[in-house]
Amino acid sequence: MASSSTSVVVSNKEKENKNTKKVTLKSSDGESFEVDESVAMESQTIKHIIEDGCANNEIPLPNVTSGILSRVIEYCKKHKEAAGESEPSVTSYTSNSTTNPLTEWDTEFVKVDQNTLFDLILAANYLDIKGLLDLTCKTVADMMKGKTPQEIRETFHIKNDYTPEEEAEVRKENQWAFE
Amino acid sequence: MLLEILYRLPCCRRAVQFKSVSKRWLSVISNPYFIRRFMDRHRHYVCKFTHVFQNTIELNVNTYIRLVSYDHNDNPSFKFDPRIGLEFLDFLPVLSLHYPVCIQASFNDLLLVCTQVPKASFFEYYICNPFTKHWLKLPPIPTDGTRTRVMIGFLCDPCICDSDSDNDREQGCITNAHYRFMVVRILCPEENTTQFQTQLQVQIFSSETNEWRNSVVSSPRKLNLNPFMPIACYAGVIACNGMLHWVCVKDKEIKGFVVFDPFNDSEQCHYIHPPIDLSLRHYVSLGVFRRRLRIFQLIYAGSFSLWELEDYSNAGTWCMKQKVYFSNMDFGDFLQRAKNIHGLDYSDERTKMMLYRDMTFLAFHPNDGDSVFLHCGNSVQLCNLRTGVLKRVYYYSSPVRSKFQLVQPSWPTPVPPLPLNAPSISN
Chain A
-14 MASSSTSVVV
-4 SNKEKENKNT
6 KKVTLKSSDG
16 ESFEVDESVA
26 MESQTIKHII
36 EDGCANNEIP
46 LPNVTSGILS
56 RVIEYCKKHK
66 EAAGESEPSV
76 TSYTSNSTTN
86 PLTEWDTEFV
96 KVDQNTLFDL
106 ILAANYLDIK
116 GLLDLTCKTV
126 ADMMKGKTPQ
136 EIRETFHIKN
146 DYTPEEEAEV
156 RKENQWAFE
Chain B
4 MLLEILYRLP
14 CCRRAVQFKS
24 VSKRWLSVIS
34 NPYFIRRFMD
44 RHRHYVCKFT
54 HVFQNTIELN
64 VNTYIRLVSY
74 DHNDNPSFKF
84 DPRIGLEFLD
94 FLPVLSLHYP
104 VCIQASFNDL
114 LLVCTQVPKA
124 SFFEYYICNP
134 FTKHWLKLPP
144 IPTDGTRTRV
154 MIGFLCDPCI
164 CDSDSDNDRE
174 QGCITNAHYR
184 FMVVRILCPE
194 ENTTQFQTQL
204 QVQIFSSETN
214 EWRNSVVSSP
224 RKLNLNPFMP
234 IACYAGVIAC
244 NGMLHWVCVK
254 DKEIKGFVVF
264 DPFNDSEQCH
274 YIHPPIDLSL
284 RHYVSLGVFR
294 RRLRIFQLIY
304 AGSFSLWELE
314 DYSNAGTWCM
324 KQKVYFSNMD
334 FGDFLQRAKN
344 IHGLDYSDER
354 TKMMLYRDMT
364 FLAFHPNDGD
374 SVFLHCGNSV
384 QLCNLRTGVL
394 KRVYYYSSPV
404 RSKFQLVQPS
414 WPTPVPPLPL
424 NAPSISN
C-alpha cells in the first residue's frame, strides 16, 4: 500500500490526474467512506492528520456516526466543487447570500431535525470545517432569535435551574433587554 | 458549542434576554470572551445613536434634557416629553432627591453625571449607561468653593485581553467588556479666563486606583494650556484614544492642539500642529469619528472643512477629508421653508447667508464619515460634506447649553467594567 507521502497543496496537476488520491474515513459505527483527498481536506482536522503523515489512507473518526459523516461528506463535496480551482483553505466561507451561490443548497441542507442539526454542529466543530460550523450555528441562532427564553427552553429541552427569585433577579438586572 | 451559536445572534438584546434561560446560559453570555466574539462578529454594526441636549453647563436644580434617537435611516424619534426630561436618568438614585445635577461628559453609550448634595462640600460623580440603567458612583470629591468653573474629560481606555488562547482572528478585536477609565477635572485658572497659562491644575480620578488626586500639568514647550480661552472653550475638551485634546491658543490664533495622556503621564502634555490649511483665526470644533480625532471648521460665507488626524507622531499628521464651498451647497427645501416661516423676501444667496450665520457644529455622524450634524437656528440639519446637501432633520426650540452624542456599540458597555480575570467558559 502506498504511503501517503502527499504534498501539502493539492496541485492542479494532481487534479488533472484521473487517479486522484483518495482517503477512507471510518465512522464511529464502523462504516467506511472513500472520498477524494481534496474533499476530505475541507476538514482542517483531517488535513492535519494527512499532512502529519499519520493517515495510512484510513482515518478513524470516533466522534462521528455514519449518518452524520455521510452528510458532512456531502457538504464538503458540494462546497469543494463550487470552490473550483482554489485550495480548500482559502475558500471564503461567507454566509452572505448575495455572494454565495450555494445559499439555496445550504438552506435545504440544514432542513433536518434538531438532533441531526446539533450532531452536525458537533461534527463540524470536531472536524474543524468553518463553513459548515458557521452554517449550522447560524441556522440555530436564527431559530432562536424570535423566541422568548421560555420558548427557548421548550424548543431545546433545557431545564430551568433558576429558582423563581433567581430568575427574577436576572430579569431585573437586565430589564432593559426585556422591554 | 453554545457560545458558537449565541454569538451569531443578530442583536444583543435577545442574547441578554437568554441569560434567563438557565444558569449555564447566564455564565456563557456574561463571559467577557463571549462578548468579545459577539462584538467581533458584529464589527460592521451600524450603531444606533442619540443626541442629548441639556439646558445647562453647570449644576442646576432645573436641569432638563431632551433626547433625539436615530434609527438606521437617520430618522429621528423623540422618546421623552422635553418638559419632563430627566426620566432618561431616573434610575440614578439622586434624581429622585431633586439635587442639582448636570451631565458633564459622554463616551460611547456612557454618561458622566455630576451632582452635589445641597450644602455639602463635595461633588458626586456617576458613570452610567442609560440604556442598561447600570451605574457606578465615584468617591466624592471636595469642592474648594471658589473655583466652580471646570472642563471635564471622561476617558475610557479598553484593556486588551490576551489571556485567552485565541486564533489570529480575535487579536486586536474590539471589546468594551474590560476598560479602565479616568475622569479629569480641569480647573479654571483664575477669574480671568483669557490668560496665558503654562500650567494647569487638574483633579483626576482613576479606576485603577479608585481615588481622586490632584496634579499640575505643564508643557515642555511652554505652551498656553488654558482651555477656557474663547476659541478653546468653544471647541471644548475632547476624549479620543484614551487622551484629551483641546485647542492651544495664542494671541487669538490657533497655535495647535494640546494632547493630555494621563494614563501614561499625568504631569506633562504633548502638542500637535494644526493642519496646514486650517484657518487659524476662525473657530473650530473637535470631535471623534471611529476613534479618530477630527476637526470641523465652518467659515462664514466661505466653506465647511473637515480634517482627520492620521498619526500623532511628528507633531501630528492631518488629512483633509472634505471641503465644500458655501456656494456649492444644496440647502434643499430648507431655504424655501425658512423664507416661508420668516417671511423673507431675499434672494436665495442672501437668505443662505443669513441661515449660515446661525450654524454651529453639533456632532460627526457616527456611521457616515462624510456627514455632520449642524444646529441652524431652530433646526438640526444633517450636512453631507461630500455632496454638499443639507437635510433638515428636525425642529426644536428649547435652549441648549450643552450637547452629547451617545453611540451604542453592538454590545452595551458594562458599568462597572468586567473584571479581567473572569472564569473560563466550558462549551
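In the order they appear, the protein sequences are chains A and B.
Counted from 1, the first sequence has number 73 at position 88 by this note's numbering; the numbering is strictly sequential.
Counted from 1, the second sequence has number 338 at position 335 by this note's numbering; the numbering is strictly sequential.
We put the CB at the ideal spot given by N, CA and C, even for glycine.
Small disclaimer: the values here were computed from a predicted structure and weren't measured.
Cβ of residue i within 8 Å of any chain B Cβ
i	result
A/TRP90	no
A/PRO86	no
A/MET129	yes
A/VAL125	yes
A/PHE94	no
A/ASN110	yes
A/SER74	Only weak support exists for where A/SER74 lies, its pLDDT of 45 falling under 50; the value from the coordinates is given anyway. Taking Cβ atoms only, chain B never reaches closer than 8 Å to A/SER74, which makes this a no.
A/ARG156	yes
A/ASN41	no
A/ALA18	A small fix is needed here, since residue 18 of chain A is Phe in this sequence, not Ala. No, no contact with chain B.
A/ASP177	Outside the shown range of chain A (-14 to 164) lies residue 177 of chain A, about which nothing can therefore be said.
A/GLU152	yes
A/ASN159	yes
A/ARG56	no
Identity of the residue in the options nearest residue i by Cα
i	options	result
B/PHE157	B/GLN300, B/ASP371, B/ILE106 and B/ARG40	B/ILE106
B/PHE52	B/ILE155, B/THR66, B/PHE208 and B/SER72	B/SER72
B/VAL383	B/PHE364, B/THR390, B/ASP371 and B/PHE407	B/PHE364
B/GLN204	B/THR212, B/SER221 and B/SER210	B/SER221
B/LEU338	B/THR178, B/SER350 and B/PHE208	B/SER350
B/LYS69	B/GLN202, B/LEU92 and B/HIS47	Per the sequence shown, residue 69 of chain B should be read as Arg rather than Lys. Of the listed residues, the one whose Cα sits closest to B/ARG69 is B/LEU92.
A/PRO134	A/ASN145, A/THR124, A/VAL125 and A/ASP127	A/ASN145
B/LEU113	B/PRO422, B/LEU423 and B/PHE407	B/PHE407
B/GLN200	B/ARG224, B/ARG183 and B/ILE177	B/ARG224
A/GLU152	B/MET332, B/ALA235, B/VAL49 and B/SER23	B/SER23
A/PRO149	B/ASN370, B/LYS26, B/SER316 and B/ALA318	B/LYS26
A/THR9	A/ASP37, A/ASN41, A/THR30 and A/GLU36	A/ASN41
Sheet register partners of residue i (DSSP bridge)
i	result
B/TRP249	B/VAL261
B/ASP333	B/VAL392
B/HIS273	B/VAL262
B/GLY290	B/ARG297
B/ASN132	B/HIS137
B/MET185	B/LEU158 and B/SER209
B/SER109	B/LEU114
B/HIS54	B/VAL71 and B/GLN408
Residue i at chain A interface by Cβ criterion, 8 Å
i	result
B/GLN174	Unreliable positioning characterises B/GLN174 in this predicted model, as indicated by a pLDDT of 48, which lies under 50. A coordinate reading is not provided.
B/PRO420	no
B/THR135	yes
B/PRO358	Per the sequence shown, the amino acid found at residue 358 of chain B is Leu instead of Pro. Chain A, which has no Cβ nearer than 8 Å to the Cβ of B/LEU358, makes this no.
B/SER25	yes
B/PHE21	yes
B/PRO13	yes
B/GLU214	no
B/ILE38	no
B/MET42	no
B/ARG16	yes
B/LYS140	no
B/ILE130	no
B/GLU90	no
B/SER413	no
Residue i CB to nearest heavy atom of the ligand GTP below 7 Å
i	result
B/ASP314	Ligands are entirely absent from the displayed structure, and the ligand GTP is therefore not among its contents.
Contact check, residue i vs residue j, beta carbons under 8 Å
i	j	result
A/ASN48	A/TYR147	no
B/THR416	B/ASN132	yes
B/LEU115	B/SER109	yes
B/LYS324	B/LEU312	no
B/PRO142	B/GLU214	yes
B/ILE207	B/SER269	yes
B/MET356	B/LEU377	no
A/SER126	B/ILE60	The sequence shown places Ala at residue 126 of chain A, not Ser. No, Cβ-Cβ distance for A/ALA126 and B/ILE60 is not below 8 Å.
B/PHE21	A/ILE44	no
B/LEU12	A/MET129	yes
B/LEU29	B/CYS117	no
B/LEU435	B/ILE241	Shown here, chain B extends from 4 to 430; a query on residue 435 of chain B therefore has no answer.
B/TRP138	B/PHE94	yes
B/ASN58	B/VAL403	yes
A/VAL20	A/ILE53	no
A/ILE106	A/LEU87	no
B/CYS243	B/VAL186	no
(message) For the segment 221 to 234 of chain B against the segment 246 to 264 of chain B, do three or more pairs of beta-carbon atoms, one drawn from each stretch, fall closer than 8 Å, so that the two count as touching?
(response) Look at the beta carbons and you see the segment 221 to 234 of chain B touching the segment 246 to 264 of chain B: at least three pairs across the two are nearer than 8 Å.
(message) Pairs of beta-carbons, one from the segment 270 to 290 of chain B and one from the segment 387 to 402 of chain B, closer than 8 Å: are there three or more?
(response) Too few Cβ pairs lie closer than 8 Å, so no.
(request) Specify whether the segment 30 to 50 of chain B and the segment 383 to 394 of chain B touch according to this definition: at least 3 beta carbon pairs, one from each stretch, less than 8 Å apart. (result) With the cut-off at 8 Å, the segment 30 to 50 of chain B and the segment 383 to 394 of chain B do not touch.
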